[in-house]
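Working notes, structure below.
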Amino acid sequence: MLSSVADAKRTIKPYLRDANRRYFTWFDTHDTYQEGIDVFDRDWDNLVILDGCRYDLFEEHNTVSGDLEKVTSKGSTTTEFIRGNFHSRRIHDTVYVTANGQLANHRDEFDVEFHRTWDIWTEDEAWDDENHTVLPETTTAYATAAAEQHPNKRLVVHYIQPHYPFIDSPISIDDAFDPDTPDFWNRIFRDELSIPRETLWEAYRDNLLRALPHVQELVDELDGRTVVTSDHGNLLGERVYPIPITEWGHPYSTWVPNLVEVPWLVVEGDSRKRVTAERPETSTDESPDDDAVSEHLRQLGYVE
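With full-length UniProt numbering as the guide, the letters of the sequence shown map in order to residues 1 to 304.
Here it is in structure tokens:
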């Protein structure tokens with residue numbers, strides 16, 4: 001009897017999740033959160049994105065000095081953030097250095113042109129096989145190099161952390177990484193994987209703490225006004241609405257506060273950059289192929 005109830009619960013939960021999405025998107029008439037800010041309307045020289053960093057986590061544990069405010073993102077996923085901020089734009093005064101492959105994954109969907117896009121996760125020396133991610137110190141090193149190569153360009157730097165995979169995590173979470181079943185948060189949502197919320201929160205927090213010293217290092221190296229923000233938040237067992245199911249991770253089009261409220265930390269530099277727009281350079285960076293993109297996102301816990 002109990003197993004039948006559990007099976008029924010697992011069966012119905014995806015439909016309840018989809019019903020909530022339809023509520024937020026006005027029955028699929030919106031593909032981004034209309035209340036979110038446009039990051040390119042804000043004043044900055046460098047935009048540092050911590051992937052999946054909810055506001056309350058950052059507010060409690062941030063170690064980078066600056067003026068912090070809470071802002072609203074245009075989505076609950078990286079894809080929605082990119083769609084809401086990058087799509088249909090020629091951003092020729094900006095270099096995008098990213099450890100996240102979602103822009104490459106949706107390159108046929110998003111019409112965006114930066115002066116340069118540097119997919120550092122495609123670099124053999126950048127990808128950490130043991131942790132299935134790009135470590136924050138690696139992202140900092142590439143971002144510093146990009147700033148030196150392009151001193152008159154704005155810089156967008158996209159770290160993976162504190163997003164899963166969790167670096168140096170407890171063994172219970174290490175064991176949860178299954179190369180053949182990479183859909184980490186949905187496995188928890190479907191009750192296929194059981195990890196205490198406290199353990200997950202500690203690992204999520206520790207991922208942020210692991211990244212912050214390297215973010216500080218980058219901020220110290222950069223000229224101009226630097227903003228530290230996030231593309232979206234993360235849920236760890238909170239109930240959402242209008243149907244009060246328990247959610248995990250960052251399901252798309254689920255625009256609840258802990259998924260769309262993100263930090264906006266402004267760090268003033270000694271002087272501003274003299275930014276100029278120039279047509280995209282002829283890049284020697286190779287565009288990643290579809291298999292490489294899929295493998296990268298699989299190891300970050302996304303659905304194949």
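Every residue gets a Cβ at the ideal spot worked out from N, C-alpha and C, and that includes glycine.
Selection from R17, V48 and Y55 that minimises the alpha carbon distance to H214: Out of R17, V48 and Y55, the CA that lies nearest to the CA of H214 is found in V48.
- prompt: In the DSSP assignment, what are the bridge partners of N46?
  reply: Paired residues: L155 and T226.
- prompt: Where does L2 sit, in a helix, a strand or coil, going by DSSP?
  reply: Annotation note: pLDDT 47 at L2 (below 50); position unreliable, coordinate value reported separately. Here L2 sits in helix by DSSP.
- request: Answer yes if the region 65-72 comes into contact with the region 258-268, meaning at least three C-beta pairs across the two stretches below 8 Å, and no otherwise.
  value: Touching, yes.
- prompt: CB R116 to CB V134, shorter than 8 Å?
  reply: Judged by beta-carbon spacing, V134 lies beyond the 8 Å limit of R116, meaning their Cβ atoms are not closer than that value.
query: Quick one, which of Y159, R89 and G84 has its alpha-carbon nearest I120's?
result: That would be Y159, whose Cα lies nearest to the Cα of I120.
message: Measuring alpha carbon to alpha carbon, tell me which residue in N105, K153, D231 and D124 is nearest I91.
response: Out of N105, K153, D231 and D124, K153 has the C-alpha closest to the C-alpha of I91.
message: In whole angstroms, give me the CA-to-CA distance for E247 and G237.
response: Answer to the nearest angstrom: the Cα atoms are 5 Å apart.
- prompt: Alpha carbon to alpha carbon, what distance is there between K9 and T138?
  reply: The alpha-carbon separation between T138 and K9 amounts to approximately 42 Å.
task: Taking 8 Å as the cut-off, decide whether the C-beta atoms of Y142 and V97 are in contact.
output: Yes, the Cβ-Cβ distance between Y142 and V97 is below 8 Å.
- request: Counting only the same chain and skipping the five closest in sequence on each side, list residues whose C-beta sits under 7 Å from that of R279.
  value: Here the set comprises H92.
query: Which residues bound the beta strand (DSSP E) around G84?
result: The continuous stretches of beta strand (DSSP E) do not include G84, which lies in the alpha helix (DSSP H) extending over residues T78 to N85.
query: In three-state DSSP terms, what is V112?
result: It is a strand residue.
task: Measure from the alpha carbon of H30 to the alpha carbon of each residue in N46, L50, N258 and R83, then state which is nearest.
output: The candidate whose alpha carbon is nearest that of H30 is R83.
query: Can you tell which of V64, E221, F86 and I245 has the C-alpha that lies nearest to the C-alpha of K74?
result: Measuring from the Cα of K74, the nearest candidate turns out to be F86.
query: Hey, would you say D223 sits closer than 8 Å to G269, going by beta carbons?
result: Yes. Within cutoff.
Closest by C-alpha distance to E125, when choosing among A99, V240, A147 and L200: Of the candidates A99, V240, A147 and L200, the one whose C-alpha sits nearest the C-alpha of E125 is A99.
query: V71 bridges to which residues according to DSSP?
result: According to DSSP, V71 bridges with V262.
Cα-Cα separation between S65 and L57, rounded to whole angstroms: Spanning the alpha carbons of S65 and L57 requires a straight line of approximately 16 Å.
message: Only counting the same chain, and skipping five residues up and downstream in sequence, which positions put a Cβ closer than 8 Å to that of V293?
response: Note that V293 has pLDDT 49, beneath the 50 cutoff, so the model's placement of it is unreliable and the number below is only indicative. Only G101, A104 and N105 meet the Cβ criterion.
message: Suppose you measure from the CA of V275 to the CA of L155; what does that come to, to the nearest Å?
response: When rounded, the distance between both Cα atoms is 10 Å.
message: Quick check: the Cα distance between F166 and R197, rounded to an integer number of angstroms?
response: The straight-line gap from Cα to Cα measures roughly 14 Å.
query: Out of curiosity, what's the CA-to-CA distance linking E304 and S194?
result: Unreliable placement is indicated for E304, whose pLDDT of 41 sits below 50; no coordinate value is reported for it.
- prompt: Nearest to E221 by CA position, among Y252, D108, L16 and A147, is which residue?
  reply: Among Y252, D108, L16 and A147, the Cα nearest to that of E221 is on A147.
task: Using three-state DSSP, classify N20 as helix, strand or coil.
output: In the three-state DSSP reduction, N20 falls in the helix class (H, G or I).
field: For V95: DSSP bridge partner residues
entry: According to DSSP, V95 bridges with R116 and L155.
- prompt: Going along the chain, which residues of its own chain have a beta-carbon closer than 6 Å to the beta-carbon of H296, five neighbours each way excluded?
  reply: Its pLDDT being 48, under 50, H296 is placed unreliably in this model, and the coordinates cannot settle the point.
field: Proximal residues to N258 (C-beta, below 7 Å), its chain only, five neighbours per side dropped
entry: R54, G233, L235 and E238.
message: Among the candidates I12, Q149, T11 and F27, whose CA atom is the shortest distance from the CA of S253?
response: Minimum Cα distance to S253 is reached at F27.
Member of P251, V227 and D41 whose CA lies at the smallest distance from the CA of V267: Closest option to V267, Cα to Cα, is V227.
message: Rounded to whole angstroms, what is the Cα-Cα separation between Y164 and R272?
response: So the alpha carbons of these two residues sit roughly 34 Å apart.
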